[in-house]
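First the structure, in the form of structure tokens, and then the observations on it.
Numbering (my numbering), first residue to last: 258 to 397.
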């Protein structure tokens, strides 16, 4: 049928399954989630020992793939960037110490994202994380 499929191991904590499934479907690829790892370290360790692939944010791949002897490459199809947001309780909005900490977190996060990954109006994420479980994006 001209379609291809692959077995996928993914992070159980991601909320990007709907985006990834949509992009893969448009590219003619079907995924078969076989494992939902509780964190990225477990995900990378699993992929290093089994004939599996994982779809993760590019910044995560750049950091962890070499540690596990894995190859990483950009997705071969368009994938929308996704927002990365810092949230806090409204009662902390006026707290100067909390505002300072939020600023430090934002600075640290911005420093971690290579300039070639940043797109105007995006979080700089070049790829999504596959997640197993229910969709968290509105669909009928």
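Just so you know, even glycine gets a beta-carbon here, dropped at the ideal spot from N, CA and C.
On the CB-based measure, 16 or more other CB atoms within 10 Å of its CB, does residue i come out buried or exposed?
| i | result |
| --- | --- |
| residue 341 | exposed |
| residue 289 | exposed |
| residue 287 | exposed |
| residue 311 | buried |
| residue 300 | buried |
| residue 281 | buried |
| residue 315 | buried |
| residue 277 | buried |
| residue 259 | Reliability fails at residue 259, whose pLDDT of 48 lies under 50, so the model's placement of it is uncertain and the value that follows must be treated cautiously. So residue 259 counts as exposed. |
Per DSSP, what kind of secondary structure is residue i in: helix, strand or coil?
| i | result |
| --- | --- |
| residue 298 | helix |
| residue 320 | helix |
| residue 349 | helix |
| residue 376 | Note that residue 376 scores a pLDDT of 49, beneath 50, so its modelled location is shaky and nothing firm can be said. |
| residue 336 | coil |
| residue 341 | coil |
| residue 277 | helix |
| residue 315 | helix |
Specify, as a first and last residue, the run of the alpha helix (DSSP H) that residue i falls within.
| i | result |
| --- | --- |
| residue 362 | 353-369 |
Identify which residue in the options has its Cα closest to the Cα of residue i.
| i | options | result |
| --- | --- | --- |
| residue 344 | 336, 356 and 337 | 356 |
| residue 293 | 313, 279 and 280 | 313 |
| residue 402 | 304, 280, 338 and 295 | It is not possible to answer for residue 402, since the shown part of the chain is limited to 258 through 397. |
| residue 283 | 337, 323 and 329 | 337 |
| residue 369 | 297, 317, 308 and 291 | 317 |
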